[in-house]
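Participant:
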Amino acid sequence: AQSVTQLDSQVPVFEEAPVELRCNYSSSVSVYLFWYVQYPNQGLQLLLKYLSGSTLVKGINGFEAEFNKSQTSFHLRKPSVHISDTAEYFCAVKESGYALNFGKGTSLLVTP
Amino acid sequence: DAGVIQSPRHEVTEMGQEVTLRCKPISGHDYLFWYRQTMMRGLELLIYFNNNVPIDDSGMPEDRFSAKMPNASFSTLKIQPSEPRDSAVYFCASSLSGANYGYTFGSGTRLTVV
Numbered sequence: 001a002q003s004v005t006q007l008d009s010q011v012p013v014f015e016e017a018p019v020e021l022r023c024n025y026s027s028s029v030s031v032y033l034f035w036y037v038q039y040p041n042q043g044l045q046l047l048l049k050y051l052s053g054s055t056l057v058k059g060i061n062g063f064e065a066e067f068n069k070s071q072t073s074f075h076l077r078k079p080s081v082h083i084s085d086t087a088e089y090f091c092a093v094k095e096s097g098y099a100l101n102f103g104k105g106t107s108l109l110v111t112p
Numbered sequence: 001d002a003g004v005i006q007s008p009r010h011e012v013t014e015m016g017q018e019v020t021l022r023c024k025p026i027s028g029h030d031y032l033f034w035y036r037q038t039m040m041r042g043l044e045l046l047i048y049f050n051n052n053v054p055i056d057d058s059g060m061p062e063d064r065f066s067a068k069m070p071n072a073s074f075s076t077l078k079i080q081p082s083e084p085r086d087s088a089v090y091f092c093a094s095s096l097s098g099a100n101y102g103y104t105f106g107s108g109t110r111l112t113v114v
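Order-wise, the sequence lines are chains A and H.
Under my numbering, the first residue of the first sequence is numbered 1, with each subsequent residue one higher.
Under my numbering, the first residue of the second sequence is numbered 1, with each subsequent residue one higher.
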């Protein structure tokens with residue numbers, strides 16, 4: 001069975017600072033990994049996904065994530081955040097034949 | 001494509017009433033998922049369908065909840081009778097088959113049971 005742990009429930013950061021949102025997963029088989037963003041009062045949007053190949057994945061809005069198999073992690077990063085990046089971020093893992101399993105989310109708050 | 005369409009966006013109902021949430025998936029997507037989001041429990045998968053057939057309903061909280069997918073372009077989630085603890089945002093999502101596909105989510109239905 002798969003599980004996803006997002007280590008930080010809230011991450012406050014100043015505008016233009018770098019940010020890392022942490023995600024660890026547990027699974028006994030190969031998985032596919034995803035990051036979603038949820039802006040207030042909206043549904044979830046796909047930021048990026050790791051399927052195979054290069055461990056560094058680039059997504060929309062300047063975000064990227066690195067897959068680390070040995071540490072079973074898939075941390076999300078952005079070198080310089082904007083006020084508009086304030087949102088809830090969800091890491092998710094998927095095994096073949098199963099539905100997406102989401103972490104509990106990390107609330108990113110960007111302040112001037 | 002208009003994306004996944006959910007209706008209504010907001011629903012306020014009295015305890016004991018029947019509530020029906022609706023979802024239109026993206027055309028051509030053969031998987032449909034219903035999730036519930038609350039502050040306490042985060043995103044919970046309630047049920048999902050493949051080619052209109054329910055595959056896993058183990059997340060449905062109790063018999064008061066039921067879901068149907070009569071055709072490839074429409075699904076409903078019904079709560080009867082509703083209770084205050086059912087208050088949440090309910091999301092529908094659809095996907096193509098294949099483990100490497102992510103989901104496209106609708107904008108959600110915010111349900112308040114008073």
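For glycine and all other residues, C-beta sits at the position ideal for the given N, C-alpha and C.
Would you kindly work out how many angstroms separate the C-alpha atoms of H/Ile79 and H/Ser107, rounded to a whole number?
Facilitator: If I take the Cα positions, the gap works out to 19 Å.
Participant: May I have the straight-line CA-CA distance separating A/Ser28 from A/Ala92, to the nearest angstrom?
Facilitator: Distance between the alpha carbons of A/Ser28 and A/Ala92: 16 Å.
Participant: Do A/Pro18 and A/Lys78 have their C-beta atoms closer together than 8 Å?
Facilitator: Yes, these two residues count as a Cβ contact at 8 Å.
Participant: At the 8 Å Cβ level, is H/Leu111 part of the contact set with chain A, yes or no?
Facilitator: Closer than 8 Å: no.
Participant: Can you tell me which of the three DSSP states H/Pro25 falls into?
Facilitator: Residue state, collapsed to three classes: coil.
Participant: Which two residues bound the contiguous beta strand (DSSP E) that contains H/Ala88?
Facilitator: Where H/Ala88 is concerned, the enclosing beta strand (DSSP E) stretches over 88-95.
Participant: How close, in whole Å, do the beta carbons of H/Phe65 and H/Leu46 come, if the pair is a contact with beta carbons under 8 Å?
Facilitator: Their Cβ separation, rounded to whole angstroms, is 7 Å, which keeps H/Phe65 and H/Leu46 in contact under 8 Å.
Participant: I'd like to know if the region 97-105 of chain A and the region 49-69 of chain A are in contact, where contact means that at least 3 CB-CB pairs between them fall below 8 Å.
Facilitator: Contact between the region 97-105 of chain A and the region 49-69 of chain A is absent, because fewer than three Cβ pairs lie under 8 Å.
Participant: Is H/Ile79 near the ligand ATP, with its Cβ less than 7 Å from a heavy atom?
Facilitator: Ligands are entirely absent from the displayed structure, and the ligand ATP is therefore not among its contents.
Participant: Residues of chain A with CB closer than 9 Å to the CB of H/Leu45, please, in chain order.
Facilitator: Here the neighbours are Ala99, Leu100, Asn101, Phe102.
Participant: Which of helix, strand or coil does DSSP assign to H/Arg85?
Facilitator: Looking at H/Arg85 - three-state DSSP - the assignment turns out to be helix.
Participant: Buried or exposed: which applies to H/Ser94, given that a residue is buried once 16 or more other Cβ atoms fall within 10 Å of its Cβ?
Facilitator: Burial call: buried.
Participant: Which residues of the region 52-80 of chain A have a Cβ closer than 7 Å to any Cβ of chain H? Give them in chain order.
Facilitator: Here the close residues number zero.
Participant: Quick check: what's the CA-CA separation for H/Cys92 versus H/Gln37?
Facilitator: Using only the alpha carbons, I get a separation of about 11 Å.
Participant: Taking the beta strand (DSSP E) that H/Pro8 belongs to, which residues open and close that run?
Facilitator: Taken as a continuous stretch (DSSP letters only), H/Pro8 belongs to no beta strand (DSSP E), as it is neither H nor E.
Participant: Starting from A/Lys49, trace the beta strand (DSSP E) in both directions and tell me its first and last residue.
Facilitator: It spans 44-50 - the beta strand (DSSP E) in which A/Lys49 sits, taken as one unbroken run.
Participant: Does the beta-carbon distance from H/Gly28 to H/Pro81 come in below 8 Å?
Facilitator: Taking 8 Å as the Cβ cut-off, H/Gly28 and H/Pro81 do not qualify as a contacting pair.
Participant: Alpha carbons only, please: which of A/Asn101, A/Tyr98, A/Ser80 is nearest the one belonging to A/Glu20?
Facilitator: Nearest C-alpha to A/Glu20: A/Ser80.
Participant: Give me the DSSP bridge partner(s) of H/Gly42.
Facilitator: DSSP output for H/Gly42 lists H/Thr38 as bridge partner(s).
Participant: Classify A/Leu100: buried if its beta carbon has 16 or more other beta carbons within 10 angstroms, exposed otherwise.
Facilitator: Result: buried.
Participant: Between the beta-carbon of H/Ser87 and the beta-carbon of H/Val53, is there less than 8 Å?
Facilitator: No, the Cβ-Cβ distance between H/Ser87 and H/Val53 is not below 8 Å.
Participant: Quick check: what's the CA-CA separation for H/Val12 versus H/Tyr90?
Facilitator: Between H/Val12 and H/Tyr90, the C-alpha separation is close to 13 Å.
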